[in-house]
Amino acid sequence: MNHLVIAPIVTPLLVAALQLLVGEKHRRTVLVLSVASCSALVLLAAALMHAVAGEGALAAVYRIGDWPARFGIVLVADRLSALMVLLTGVLALAVLPYALGRWQHRGGHFQPLLQFLLMGLNGAFLTGDLFNLFVFFEVLLAASYGLALHGSGARRVSAGLHYIAVNLTASMLFLLGVSLIFGVTGTLNMAALAELIPHVPERTRALLHSGAALLGVAFLIKTAMWPLGFWLPRTYAAASPAVAAMFALMTKVGIYVLLRLGLLLFGDGAGPASAHFGSGWMLWGGVATAAAATVGMLGARDLAKLAGYNVLVSSGTLLGAIGLQQRAVTAGALAYLVISTLAIAAFFLVAGLLASDGDDDTDDTLSLEPYVQLGEPAPNESLYAQEDESRVVISAPIAMLGASFLACALLLAGLPPLSGFLAKLAMLAPMLDAGARPGAGLLFALIIVAGFGTVIALCRAGIQIFWVEPERIFPKVRLVESASIAVLLGLCLLLTVLVETPLHYLRDTAGQLHAPAGYIQAVLPPAQVSP
Amino acid sequence: MELVLAAAIGILAASGVWLLLRPRTFQVIIGLTLISYAVNLFIFSIGGLRTGADPVLRDAAGDIAQYTDPLPQALVLTAIVIGFATTALFLVVLLTSRGLTGNDHVDGEDGSA
């Protein structure tokens, strides 16, 4: 058996336990352990990716306790899982230096919680069993509750209260869905479910569908689909920047599961009654989310909330794209997923630095000016009209933050020449192809509009922050903090240059997802399949 | 028996949802607890209701039809443990919020105040 598959789950678990034993007093040891763990995760994920990306390679399967897949729990690593695990590792390693700057000392146990979050994320990406997925979801949520509250303060606790209540309710729906599916089919193994669903009798098919729908609602709450996503901007804006940057990946867990289960259980092979079940909801939900998020983004009066609405735009776009269930669109959507996660994480970090005024224990947010009604004079028109005497000295931190802000804006809006544009192109170009489902055209138009909205909102914020009142920011940027941002944006730049290799991998990934027979065969080898 | 169980699950879930939508944090946590009871009972019942049947084989020669499905019981045990832990965590946050804001409204402030 290939122990590589379980390594990304066990490593952070052991490291977190060790960090708790070492204790908060030995900061240096805890820190070294964290860096070692995150670096190990990146290497492990790369090895995993290499192992599953070979020509004609099936998914790597790990049977826990070596029980056969129908009885025991399996972990399955295919191309998509390996990609998500790699993204998790890279994001954690990139965000880690930022957390070292000042944020991690605002409260206890930042590093162990981060490791538990990584364990939950990797577990959710790798598991091949629905109930096991629930357990890993709870692990990552429990860690995220701790991280969201990191630093405390009334604003965080109040946002955290809502976040926890919403997620506990979602977990209940998750359990209901899982138990309904188990009641109908008698198994929770995803591959076995995919095999059974075409043969479910008509009598119980409605029950199966309601179970799947409940499960779907639980994931849509995590993905923050409109109208289930009102908790997101507030929670993410209240969380400390390093945490919010990690959370940029959390909505993508929901996307991952919807993509995986949508294509595995309700793909073309699910029989006429169940094929494409729920895909219409994802498509129209995605359209509604992207539209609502664009409006929210234009109305946001706080930079961190603006970043939160960008998460929603990204969620909506992805939901709509995977709801189309077309191979080429899925490949592009995966590219967009990677780029938007990295860019939003970088944006949260930049917003955090801009909001801090150099003081070590502020929880400031950077608020923006309200819109002015037509005909009324702008409250600070004099500032806009003021002619500067060209004696503006641009300090190094402001130049760094300005350049990062610009890069984030280009990536998020999907403008050339950066990789955000290439990812959007890869997703949008096949969307209008022949045979597209109704709604594809609307989604296409909406994604363009959302990009335009992003440009307006970020231009407005950028002009206010960097041009109009540059004296109001006194960022004291530390080297480690800028290193985090530089790594995240550098990766996006690298993906702009090396676009062909990743896209090739993603096309194969989409191919694998749309032909789940290979996945099923890897988990349940033919000898084991009951007649 | 089915009717009683179904009614119990329904009443628990309905009361839970009602309480969950109330404005006081204590009502919310009781609501969440009631919903989780309803869900746990529901999971327990998906294997079919049997009275006096064992979930674990006593001897190797038993007839499988005399046993009840053990898997829902294992699932519900896990669900109870996880639900208990997260509810406890929620309780801590609730008390912190009470301490920081001075009232027990879910938004941290009374609408009337």
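Note that the protein sequences, when read in sequence, are chains A and B.
Each residue of the first sequence is one higher than the one before, starting from 686 at the first, in our numbering.
Each residue of the second sequence is one higher than the one before, starting from 160 at the first, in our numbering.
All C-beta atoms, glycine included, are put in the ideal place defined by N, C-alpha and C.
Just so you know, these numbers come straight off a predicted model, no measurement behind them.
- Counting C-beta pairs closer than 8 Å gives fewer than three between the region 880–888 of chain A and the region 219–237 of chain B, which falls short of the contact rule.
- Per DSSP, Ala224 of chain B lies in no beta strand (DSSP E) segment and is marked neither H nor E.
- About 6 Å separates the beta carbon of Ile866 of chain A from that of Leu893 of chain A, a gap short enough to meet the 8 Å contact definition.
- Contact annotation: the region 822–842 of chain A touches the region 927–935 of chain A, with at least three C-beta pairs closer than 8 Å.
- In this structure, Tyr994 of chain A keeps its C-beta atom at 8 Å or more from the C-beta atom of Pro1102 of chain A.
- For the region 906–945 of chain A, the full-length alpha helix (DSSP H) segments reaching 4 residues or more read 916–923 and 926–932 along the chain.
- Look at the region 224–246 of chain B: the residues with a C-beta under 8 Å from a C-beta of chain A are Leu230, Pro231, Leu234, Thr237, Ala238, Ile241, Gly242, Ala244, Thr245 and Thr246.
- Note on geometry: alpha-carbon atoms of Pro1211 of chain A and Asn687 of chain A lie some 19 Å from one another.
- Within the region 199–215 of chain B, the residues whose Cβ lies closer than 7 Å to some Cβ of chain A are Phe201, Ile202 and Ile205, listed in chain order.
- At a beta-carbon threshold of 9 Å, none of the residues of chain A lie near Phe185 of chain B; the nearest stands roughly 12 Å away.
- Bounds of any alpha helix (DSSP H) do not take in Arg1163 of chain A, whose DSSP letter is neither H nor E.
- If you draw a straight line from the Cα of Phe915 of chain A to the Cα of Pro214 of chain B, it comes to about 43 Å.
- Remark: three or more beta-carbon pairs, one from each stretch, lie closer than 8 Å, so the region 1167–1179 of chain A and the region 1080–1098 of chain A are flagged as touching.
- Under DSSP, Asp213 of chain B forms a beta bridge with B:Tyr226.
- In terms of Cβ geometry, Thr773 of chain A and Leu803 of chain A form a close pair [threshold 8 Å].
- Under the 8 Å criterion on CB atoms, Val265 of chain B is classed as interfacial with respect to chain A.
- Under the 8 Å criterion on CB atoms, Met857 of chain A is classed as interfacial with respect to chain B.
- Taking the C-beta atoms as reference points, Ile202 of chain B is found no nearer than 8 Å to Ser856 of chain A.
- In the three-state reduction of the DSSP assignment, Thr812 of chain A falls in the strand class.
- If you ignore the 5 residues before and after Val176 of chain B, its C-beta comes within less than 6 Å of no other C-beta in its own chain.
- Counting along the chain, no beta strand (DSSP E) covers Ala975 of chain A; the unbroken alpha helix (DSSP H) around it starts and ends at Ser964 to Gly984.
- Taking 8 Å as the cut-off, the Cβ atoms of Gly1196 of chain A and Arg1012 of chain A count as close.
- At a cut-off of 8 Å between beta-carbon atoms, Ile849 of chain A makes contact with chain B.
- In this structure, Cys1177 of chain A places its C-beta atom within 8 Å of the C-beta atom of Ile1024 of chain A.
- With the criterion set as a beta carbon lying under 8 Å from some beta carbon of chain A, the members of the region 168–185 of chain B are Leu179 and Thr184, in sequence order.
- Classified as buried, Arg764 of chain A has 16 or more neighbouring CB atoms from the shown chains inside 10 Å of its CB.
- Excluding its 5 nearest sequence neighbours in each direction, Leu743 of chain A has C-beta neighbours in its own chain below 7 Å: Gly1203, Gln1206 and Ala1207, listed in chain order.
- Per DSSP, Val885 of chain A lies in no alpha helix (DSSP H) segment and is marked neither H nor E.
- Sequence-distant Cβ neighbours of Gln186 of chain B in its own chain, meaning closer than 6 Å and more than five residues away, are Leu178.
- Within the DSSP secondary-structure output, Asn874 of chain A pairs in a beta bridge with A:Asp814.
- In the three-state DSSP reduction, Asp763 of chain A falls in the coil class, being neither helix nor strand.
- Residue pairing for Val746 of chain A: DSSP places it in a beta bridge opposite A:Val761.
- Residue contact check for Gly868 of chain A against chain B: a CB pair falls below 8 Å.
- Closer than 8 Å to the CB of Leu164 of chain B there is not a single CB belonging to chain A.
- Contact residues of the region 1006–1027 of chain A toward chain B are absent (C-beta to C-beta distance below 8 Å).
- About 6 Å separates the beta carbon of Thr1026 of chain A from that of Lys937 of chain A, a gap short enough to meet the 8 Å contact definition.
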